[in-house]
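One structure is given here, and the rest of the page talks about it.
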Amino acid sequence: MRRALVAAVGVLALVGSAAAAEPPSAADLEAELVCPVCETTLDQSNAPIAERMKAVIRERVAAGDSEQEIKDALVAEFGPGVLATPPRRGFGLLAWVVPLVAALGAAVVVGVLVRRWVRAREPGADENARELDPELERLVDDELARFDA
Amino acid sequence: MPGRLRLVAQGVALGLVALLFLLLAWSLVRDEGGNLAAAANRGERPQAPDFTLERLDRTGTLTLSSLEGKAVVLNVWASWCIPCKEEAPFLEQVWRRNRARGVVVVGLDAKDFREDARRFARRYGLTFPLVYDGPGKTLDDYGVTGFPETFVLDREGRVVDAFAGAVNSKEDRARLRAAIERALAT
Chain Y
6 MRRALVAAVG VLALVGSAAA AEPPSAADLE AELVCPVCET TLDQSNAPIA
56 ERMKAVIRER VAAGDSEQEI KDALVAEFGP GVLATPPRRG FGLLAWVVPL
106 VAALGAAVVV GVLVRRWVRA REPGADENAR ELDPELERLV DDELARFDA
Chain L
92 MPGRLRLVAQ GVALGLVALL FLLLAWSLVR DEGGNLAAAA NRGERPQAPD
142 FTLERLDRTG TLTLSSLEGK AVVLNVWASW CIPCKEEAPF LEQVWRRNRA
192 RGVVVVGLDA KDFREDARRF ARRYGLTFPL VYDGPGKTLD DYGVTGFPET
242 FVLDREGRVV DAFAGAVNSK EDRARLRAAI ERALAT
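Chains Y and L are the protein sequences, given in the same order. 6 is the number of the first residue of the first sequence in our numbering; add one for each residue after it. 92 is the number of the first residue of the second sequence in our numbering; add one for each residue after it.
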């Protein structure tokens, strides 16, 4: 059993390292980079600069550059705006963190409001509101008796 | 919701609305680039936005305001722009013929690969100063919407005339020469 587990972990590690060593796909990169002229992803653009960028990507993939190296080279030419999604570091990290924090904050606010609303509707939450004045209760009973008759 | 909390929430909401209005106003003010060419074409002389950009023809940077005292022909181009290829020899000619008179042609290459731009400059024998703005940040300030565009600035850095598209026709070339004379006369 133990041997089988070790073998499985070994196989998974091998598969993982093989995936990491796999060359980046030009098609994937074209979907992750933006044409600086038409501001759509490269795979959606046939602007001259987009075609040139695609050619550079293909050259670099063929030369064995990693995905990060290719992206860094294009950012060095066209700035961070060339990335379809902001980088998960530095100022770009804000674009990832702020929506998450906002969603969590909204969830907390909704949770608190729902809890308050449920508590307010629970039986016995407001005893004073449920108790009737004895005189008023007598009047209601009288009216009901009259109605029944 | 307690009264104080509600007040804070209302304050935050009002603050957000005010912030949105400020952003809108800022974007409208920033959008004056488009008006730059329109104002120049109306005969006004709006101040050209200053910039400091990396040089393509040699190391270092070039600051537009450092050219004060000279008339500047600022040409926005890119190596992938076909009309720019037709226009390049004319701009080189303008530079060579007017350089001694205090005219500087500045080529602003934008949204381009540096190496492609340098190859273009070699191919067309460009010898005037070339600056590089890969992300094209300067284009917004000038209201550039296409390639090429040319601005003629007087000795005080004000826009005398602006050309959207290549200066290739006889009429446009005569207009550019006339703008240079007006810029030099400042």
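For each residue, glycine too, the CB sits at the ideal point set by N, CA and C. Computed from a predicted model, the values in this text were never measured in an experiment.
Please confirm if residue i has its CB atom under 7 Å from at least one CB of chain L.
i	result
Arg120 (chain Y)	no
Val42 (chain Y)	yes
Gly86 (chain Y)	yes
Check this for me: beta carbons of residue i and residue j, under 7 Å apart or not?
i	j	result
Leu38 (chain Y)	Val87 (chain Y)	yes
Gly305 (chain L)	Glu135 (chain L)	Outside the displayed range of chain L (92 to 277) lies residue 305 (chain L), so it cannot be described from this structure.
Ala201 (chain L)	Asp224 (chain L)	yes
Val66 (chain Y)	Pro104 (chain Y)	no
Val222 (chain L)	Leu110 (chain L)	no
At 7 Å on the CB atoms, spell out the chain Y contacts of residue i, in chain order.
i	result
Trp171 (chain L)	Pro53, Ile54 and Arg57
Cα separation between residue i and residue j?
i	j	result
Glu148 (chain Y)	Val113 (chain Y)	48 Å
Phe83 (chain Y)	Arg121 (chain Y)	52 Å
Ala131 (chain L)	Val250 (chain L)	6 Å
Val185 (chain L)	Val196 (chain L)	8 Å
Ser260 (chain L)	Tyr233 (chain L)	23 Å
Val194 (chain L)	Ile54 (chain Y)	31 Å
Ala265 (chain L)	Arg273 (chain L)	12 Å
Glu142 (chain Y)	Leu113 (chain L)	60 Å
Ala257 (chain L)	Leu199 (chain L)	14 Å
Ala347 (chain L)	Leu109 (chain Y)	Chain L is shown from 92 up to 277; residue 347 (chain L) falls before or after that span and cannot be answered.
Ala276 (chain L)	Asp77 (chain Y)	47 Å
Glu167 (chain Y)	Thr236 (chain L)	Residue 167 (chain Y) is absent from the structure shown; chain Y starts at 6 and stops at 154.
Glu178 (chain L)	Thr90 (chain Y)	37 Å
Ala100 (chain L)	Pro226 (chain L)	40 Å
Leu47 (chain Y)	Val61 (chain Y)	12 Å
Lys161 (chain L)	Asp231 (chain L)	24 Å
Pro270 (chain L)	Val164 (chain L)	Sequence check: residue 270 (chain L) is Ala here, not Pro. When rounded, the distance between both Cα atoms is 9 Å.
Asp141 (chain L)	Lys228 (chain L)	12 Å
Val145 (chain Y)	Asp153 (chain Y)	12 Å
Asn126 (chain L)	Ala139 (chain L)	11 Å
Please list the partners that residue i has in chain Y, where partner means a Cβ-to-Cβ separation under 9 Å.
i	result
Gly248 (chain L)	The contacting residues do not exist; Gly248 (chain L) stays about 26 Å from chain Y at best.
Counting only Cβ pairs nearer than 7 Å, list the residues of chain L close to residue i.
i	result
Glu82 (chain Y)	Phe204, Arg205 and Gly225
How about residue i: is its C-beta nearer than 7 Å to some C-beta of chain A?
i	result
Lys202 (chain L)	No chain A appears in the structure shown, which is made up of the protein chains Y and L.
Would you check whether the ligand GDP has a heavy atom nearer than 6 Å to the C-beta of residue i?
i	result
Ala125 (chain Y)	By its list of ligands, the structure shown contains no ligand whatsoever, and the ligand GDP lies outside what it can speak to.
Inter-stretch contact (C-beta, 8 Å, three-pair minimum) for the segment 29-45 of chain Y and the segment 70-89 of chain Y: Touching, per the Cβ criterion.
Touch test, the segment 138-151 of chain L against the segment 205-222 of chain L, Cβ-Cβ under 8 Å, three pairs minimum: yes
Meets three-Cβ-pair contact criterion under 8 Å: the segment 192-211 of chain L and the segment 155-175 of chain L: yes
At least three beta-carbon pairs within less than 8 Å, the segment 239-247 of chain L to the segment 95-108 of chain Y: Short answer: they don't touch.
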